[in-house]
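Numbering (my numbering), first residue to last: 14 to 325.
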């Protein structure tokens, strides 16, 4: 059962995050992905954090399938035990609603809201680790947004995108009977026990490129960074998310100015700025899960992934 403090945090974020990312409104002509009928709507350059408004968002229903390879880690784990985590394969299903909008003559704006479920397991990777590596099996689910600006080429498009998600994960370590690995220090064993066989809250960021071949079919390639928290500290978590939202909001504002003054450069600048902020925050959270506040080290997953999306 979800803790009340976690539920309160999510509801607060539904109001806090949109405010941090808003900027001036403009009126655009919206074009559904592959739809010839245009509908006038009001939009802004700001990042869309309305996670819970899937129905009102509209857009085209999409199904995305991805496969990847993940590196698992806890920053200071294994320094004395001389043990490491085995790499895992990742298989993921996303159900979402997507919009691809005309922004300029050859520039498009992409937005996506999704729900996902995935499995990250040692059984899904072909190259096994050494005998001392710790195998694992993780199931997770969550919801989030993707957005970006791209270039339209006839009925095709190339869209660099960024993504942010909330995630709930459950990991099972492949431990011997009794739960203790030979040669494992008590400190490292305690770190494993914090995550083992329990659902934990976390966050995920992603950057990548979508290549729309035809309106129905898109190829994806991306790099995903996920942190899983050993415990949930409501006020520190909200403070950490507020810092991240403020940084993303500033990046969003600057990218919006670039889009207005130089649309041709805008998609790349937008991608680089937001990916850079997300990567910097992720690196800082590897040591302190609620950076900039003192907090424990999280469990991390770094994943290269490829996939395909079907838009209906």
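Even glycine gets a Cβ: it sits at the ideal position worked out from N, Cα and C.
Query                                                                                                               : Result
Euclidean distance between Cα positions of residue 102 and residue 78                                               : 14 Å
Cβ contact (3+ pairs, closer than 8 Å) linking the stretch 159 to 178 and the stretch 307 to 314                    : no
Cβ pair residue 104, residue 151 closer than 7 Å                                                                    : no
Nearest neighbour of residue 167, chosen from 324, 227 and 89 [CA to CA]                                            : 227
DSSP beta-bridge partners of residue 225                                                                            : 170 and 231
Separation of residue 196 from residue 288, as counted between CA atoms                                             : 39 Å
Simplified DSSP assignment, three categories, for residue 273                                                       : helix
Residue of 98, 238 and 262 minimising C-alpha distance to residue 297                                               : 238
Sequence-distant residues of the same chain with beta carbon closer than 6 Å to residue 132, five excluded per side : 104 and 152
Rounded C-alpha distance that separates residue 230 from residue 224                                                : 9 Å
Among 274, 260 and 244, the one whose alpha carbon lies nearest that of residue 303                                 : 244
Where residue 286 falls, given that 16 or more other Cβ within 10 Å makes a residue buried                          : buried
Interface flag, residue 257 vs chain D, CB-CB below 7 Å                                                             : Note that chain D does not occur in the displayed structure, where there is just one protein chain.
Paired residues, beta bridge with residue 74 - DSSP                                                                 : 110
Contact the stretch 110 to 128 vs the stretch 73 to 90: 3+ CB pairs below 8 Å                                       : yes
Beta-carbon spacing of residue 320, residue 210 below 7 Å                                                           : no
Three-state class that DSSP yields for residue 138 in the structure shown                                           : coil
Whole-angstrom C-beta distance between residue 240 and residue 172, which should lie under 8 Å                      : That belief does not hold up - the Cβ atoms of residue 172 and residue 240 are roughly 26 Å apart, past 8 Å.
Opening and closing residue of the alpha helix (DSSP H) in which residue 292 lies                                   : 279 to 298
Residues that residue 165 bridges to, as DSSP identifies them                                                       : 170
Exposure of residue 273, with buried meaning 16 or more beta-carbon neighbours within 10 Å                          : exposed
Same chain only: Cβ atoms within 7 Å of residue 2, ignoring 5 sequence neighbours per side                          : Lying before the first or after the last residue shown, residue 2 is absent from the chain, which here runs from 14 to 325.
Best match in 117, 222, 251 and 323 for proximity to residue 215 [C-alpha to C-alpha]                               : 251
Buried or exposed by the 16-neighbour rule on C-beta atoms within 10 Å, applied to residue 305                      : exposed
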